[in-house]
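Here's the structure we're looking at; comments come further down.
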Amino acid sequence: MRRNFSGIVLSLAGLLFIHLACNSHAAKSSRSSSGDSSSITVVIDAGHGGRDRGGIPGQRVAEKDMNLDVALRLRNVLSASGYQVIMTRSTDVFVSLAERVAIANAYRNAVFVCIHFNATGRSGASGIETYFYSRDSLPLASAIHYYVAGGAPSDNRGVRRRGYYVLRKTSIPAVLVECGFLTNPTEAAYAQSASYRQRLANEIAAGVRGRNSVGRGFSTTRVATAESIPLQPYIDQTKVSQSSHGKSKRSHKKSARKKKNSSKPAGSEARAASADREG
Ligand SMILES: [Zn+2]
Numbered sequence: 002m003r004r005n006f007s008g009i010v011l012s013l014a015g016l017l018f019i020h021l022a023c024n025s026h027a028a029k030s031s032r033s034s035s036g037d038s039s040s041i042t043v044v045i046d047a048g049h050g051g052r053d054r055g056g057i058p059g060q061r062v063a064e065k066d067m068n069l070d071v072a073l074r075l076r077n078v079l080s081a082s083g084y085q086v087i088m089t090r091s092t093d094v095f096v097s098l099a100e101r102v103a104i105a106n107a108y109r110n111a112v113f114v115c116i117h118f119n120a121t122g123r124s125g126a127s128g129i130e131t132y133f134y135s136r137d138s139l140p141l142a143s144a145i146h147y148y149v150a151g152g153a154p155s156d157n158r159g160v161r162r163r164g165y166y167v168l169r170k171t172s173i174p175a176v177l178v179e180c181g182f183l184t185n186p187t188e189a190a191y192a193q194s195a196s197y198r199q200r201l202a203n204e205i206a207a208g209v210r211g212r213n214s215v216g217r218g219f220s221t222t223r224v225a226t227a228e229s230i231p232l233q234p235y236i237d238q239t240k241v242s243q244s245s246h247g248k249s250k251r252s253h254k255k256s257a258r259k260k261k262n263s264s265k266p267a268g269s270e271a272r273a274a275s276a277d278r279e280g
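All residue numbers for the sequence shown refer to this note's numbering, where the first residue is 2 and numbers rise by one.
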């Protein structure tokens, strides 16, 4: 009996927590035009473009198009909130990783947000994941992930630390958000809906606005610290980027895919970590 009673109390406490969390999420999402737009610049990086379609060979929905559409919507939302916004591309053109980084690094008091969608040969793979590299980027990553994963019907694959070239070479807080798997039929269907892409843009914008507050509110429970997120393996992209062409993008995607495929079993991740370390 006593045990049952405490079980009920715990359930109620759980419900209350969920209720509060939902309310605070809703409150933060609806707080739109105010905030700290004062002087920061947001550099928005729509992944891939031009001859670099993104994704994997044979993928039906072109990643580059989805990335660009979400990026343009994000630009509109943030501009309306008073942010200065810079796009690394605003049309279907190829921009090298080095050029993207150079654009980002031309701004001080700025943040860099890369928009991507995921792909893998396994159609069941799904979910939202958000990457950062430098410690300074973690609050932004946590905030963007909190809103995007909270606002999307997809699985939450977590905030991850990985040395993608665009995250490692940028000198401002930089985050790469993977907005779902275009190789997953359900998530590809979502991505093809304009209202869903608008929702993604709205949630990313909420993360930009909340970058200094989300981590604080949930610092010990909901949001990971840099120490608690191990650096994930990657293939050094500085070498491929020097050759500057489509090849670099492809190997970027290939390395990403490889990690994603191996990200479930801890053993293979660890093996990949030792194999892929930056030289
Ligand atoms: Zn991509």
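Virtual Cβ for every residue (Gly too), placed ideally from N, Cα, C.
Just so we're clear, the structure is a prediction, and the values are computed from it rather than from any experiment.
For residue i, the three-state DSSP class (helix, strand or coil)
i	result
Val178	strand
Arg76	helix
Asp93	coil
Ala111	strand
Ala47	strand
Asn185	coil
Ile57	coil
Asn119	strand
Gln193	coil
Ile205	helix
Val167	helix
Ala144	helix
Asn68	helix
Ser252	The predicted model places Ser252 with a pLDDT of 41, which falls under 50 and marks its position as unreliable, so this point remains unresolved.
Ser138	helix
Identity of the residues DSSP links to residue i by a beta bridge
i	result
Gln85	Thr42
Asn157	Ile129
Arg310	The chain is shown from 2 up to 280; residue 310 falls before or after that span and cannot be answered.
Residue from the options with nearest C-alpha to residue i
i	options	result
Asp66	Asn77, Tyr132, Asp53	Asp53
Ile116	Ile129, Ala107, Tyr108, Ser124	Ile129
Ser159	Gly211, Thr171, Ala142	Here residue 159 is Gly; the residue named in the question, Ser, does not match the sequence. For the residues Gly211, Thr171, Ala142, the minimum Cα distance to Gly159 belongs to Ala142.
Ala175	His146, Asn157, Gly151, Ala153	His146
Gln85	Gly151, Thr92, Tyr134, Val112	Val112
Asn185	Val149, Gly122, Ser80	Gly122
Ser91	Ala81, Val102, Tyr108, Leu73	Leu73
Glu100	Met88, Asn110, Val215	Met88
Pro140	Gly181, Arg210, Gln60, Glu64	Arg210
Gly152	Ala103, Gly181, Ser82, Val43	Gly181
Thr114	Val43, Ser194, Thr187, Arg136	It is Val, not Thr, that sits at residue 114 in the sequence shown. For Val114, the nearest C-alpha among the options comes from Val43.
Closer than 7 Å to chain B by CB, residue i
i	result
Leu75	Note that chain B does not occur in the displayed structure, where there is just one protein chain.
Any non-hydrogen atom of ligand 1 within 6 Å of residue i CB
i	result
Glu130	no
His146	no
Glu64	yes
Gly55	yes
Gly122	no
Gly159	no
Gly48	yes
7 Å Cβ cutoff met for residue i and residue j
i	j	result
Ser155	Asn106	no
Gly48	Asn77	no
Leu98	Tyr166	yes
Val94	Gly56	no
Glu204	Asn119	no
Val1	Ala189	Summary: the structure shown does not reach residue 1, with the chain confined to residues 2 through 280, and so no result is reported for it.
Leu75	Ile41	no
Ala144	Arg200	no
Ala192	Leu79	no
Tyr132	Gly208	no
Tyr134	Leu168	yes
Lys170	Val102	yes
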